[in-house]
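Student: Mapping to our numbering: the sequence shown position 13 is 25, numbers consecutive.
Quick one: this structure, given as structure tokens, is what I'll be asking you about.
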Amino acid sequence: MPFLSSVGDVTELYLGTEGVELDEANPDNRFRLEWIDAVAGLLDRVASEPSKPLVITATGKFFTNGLDVDYVAANASGLPRYLDRVHELYVKLLTLPVPTVAAVNGHAFGAGAMLAVCADVRVMRTERGFWSLPEAALGMPFTRGMSSLIRTRLTDAAATEAMLTSRRYGAADAVAAGIMEEAVEVDGLLDRAREIAAERAPLCGPNLGLIKRGLRQPLIDDLQTTTPPTVL
Numbered sequence: 013m014p015f016l017s018s019v020g021d022v023t024e025l026y027l028g029t030e031g032v033e034l035d036e037a038n039p040d041n042r043f044r045l046e047w048i049d050a051v052a053g054l055l056d057r058v059a060s061e062p063s064k065p066l067v068i069t070a071t072g073k074f075f076t077n078g079l080d081v082d083y084v085a086a087n088a089s090g091l092p093r094y095l096d097r098v099h100e101l102y103v104k105l106l107t108l109p110v111p112t113v114a115a116v117n118g119h120a121f122g123a124g125a126m127l128a129v130c131a132d133v134r135v136m137r138t139e140r141g142f143w144s145l146p147e148a149a150l151g152m153p154f155t156r157g158m159s160s161l162i163r164t165r166l167t168d169a170a171a172t173e174a175m176l177t178s179r180r181y182g183a184a185d186a187v188a189a190g191i192m193e194e195a196v197e198v199d200g201l202l203d204r205a206r207e208i209a210a211e212r213a214p215l216c217g218p219n220l221g222l223i224k225r226g227l228r229q230p231l232i233d234d235l236q237t238t239t240p241p242t243v244l
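Written out as structure tokens, the structure is:
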């Protein structure tokens with residue numbers, strides 16, 4: 013399950029399980045219900061004592077592979093509430109009262125790709141991994157909140173290409189499209205993310221959360237709009 017660690021003046025949120033490269037129960041860090049609860053609880057802990065910036069990363073092949081497709085397939089009636097919980101997680105990260113840096117260590121797909129862009133700054137490893145929104149290729153729509161998130165956090169050109177073509181972006185292409193701020197070799201990925209986070213450490217505190225909420229209020233309103241039963 014996801015866990016927090018601390019390195020100097022930076023807090024780190026790992027989306028995998030402590031002590032293992034891959035969690036056998038959830039090797040690609042999908043948005044399972046218990047996983048969502050764990051990440052949400054850890055973000056609440058960071059928000060309760062907003063004294064250190066946050067780096068978000070994972071171990072293994074995946075940053076996160078997005079929605080729990082097995083749960084979605086088996087729980088059509090529960091899908092709207094499940095998606096609302098995903099949206100709630102995005103809101104927590106978007107409004108966190110500390111600077112946030114995503115260190116994208118591997119594949120970030122679908123809802124996981126969207127989680128990455130909720131961070132204030134994104135850096136991605138160069139050697140392996142793609143950032144992608146595969147919904148068009150999979151015949152899946154975007155919710156109102158997800159569409160608003162992508163439009164708000166990316167340029168119109170990048171959002172249009174990513175949403176309509178399901179393109180897989182490597183690190184260099186993601187930087188060129190403005191999805192990521194930097195492409196970094198894996199050996200320096202976490203160090204660079206920590207460096208960026210530490211530079212912003214003096215900004216930590218409740219006021220930063222208020223500023224983020226004001227900056228992103230229309231997006232937050234869309235993410236907090238209840239998902240209708242007709243989403244699919």
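By construction, the Cβ of each residue, glycine as well, lies at the ideal position given by its N, Cα and C atoms.
1. Using a threshold of 9 Å, state whether the C-beta atoms of residue 23 and residue 129 are closer than that.
2. Please give the ranges of any beta strand (DSSP E) in the region 193–240, keeping only runs that are unbroken, at least 3 residues long and fully inside the region.
3. For residue 232, collect the residues of the same chain with a Cβ closer than 6 Å to its Cβ; drop the 5 residues on either side in sequence, then sort them by chain order.
4. CA-CA distance, residue 242 and residue 173?
5. Which residues does DSSP pair with residue 119 in a beta bridge?
6. Can you tell me which of the three DSSP states residue 258 falls into?
7. Would the beta-carbon of residue 131 fall within 9 Å of that of residue 105?
8. How is the alpha helix (DSSP H) around residue 165 delimited, first residue to last?
9. The beta strand (DSSP E) spanning residue 24 covers which residue range?
10. What are the start and end residues of the alpha helix (DSSP H) that includes residue 60?
11. Quick one: which unbroken beta strand (DSSP E) runs of 3-plus residues sit fully inside the region 133–157? Chain order, please.
12. Measure the beta-carbon distance from residue 27 to residue 70 and round it to whole angstroms, keeping in mind my assumption that it falls under 8 Å.
13. Along the chain, where does the alpha helix (DSSP H) that runs through residue 101 open and close?
14. Specify the secondary structure class of residue 16 as computed by DSSP and reduced to three states.
15. Would you check if there are 3 or more beta carbon pairs closer than 8 Å linking the region 184–204 to the region 138–158?
16. Helix, strand or coil, according to DSSP, for residue 177 in the structure here?
17. How long is the line joining the alpha carbons of residue 235 and residue 39, rounded to whole angstroms?
Tutor: To lay it out plainly:
1. No, Cβ-Cβ distance for residue 23 and residue 129 is not below 9 Å.
2. Runs of the beta strand (DSSP E) inside the region 193–240: 194–196.
3. Excluding positions up to five away in sequence, the list reads 103.
4. Going from the Cα of residue 242 to the Cα of residue 173 covers about 25 Å.
5. Per DSSP, 74.
6. For residue 258 there is no data in the structure shown, the boundaries of the chain being 13 and 244.
7. Yes, the pair counts as a contact, with Cβ atoms nearer than the cut-off.
8. DSSP places residue 165 in the uninterrupted alpha helix (DSSP H) bounded by 156–165.
9. First-last of the beta strand (DSSP E) with residue 24: 22–26.
10. Taken as a continuous stretch (DSSP letters only), the alpha helix (DSSP H) holding residue 60 covers 45–60.
11. The region 133–157 contains these whole beta strand (DSSP E) runs: 133–137.
12. Contact flag correct, Cβ pair sits at about 4 Å.
13. Residue 101 -> alpha helix (DSSP H) spans 91–106.
14. In this structure, DSSP gives residue 16 an extended state, which the three-state scheme calls strand.
15. Touching, yes.
16. Taken through DSSP and simplified to helix, strand or coil, residue 177 comes out as helix.
17. If you take the alpha carbons of residue 235 and residue 39, they lie about 27 Å apart.
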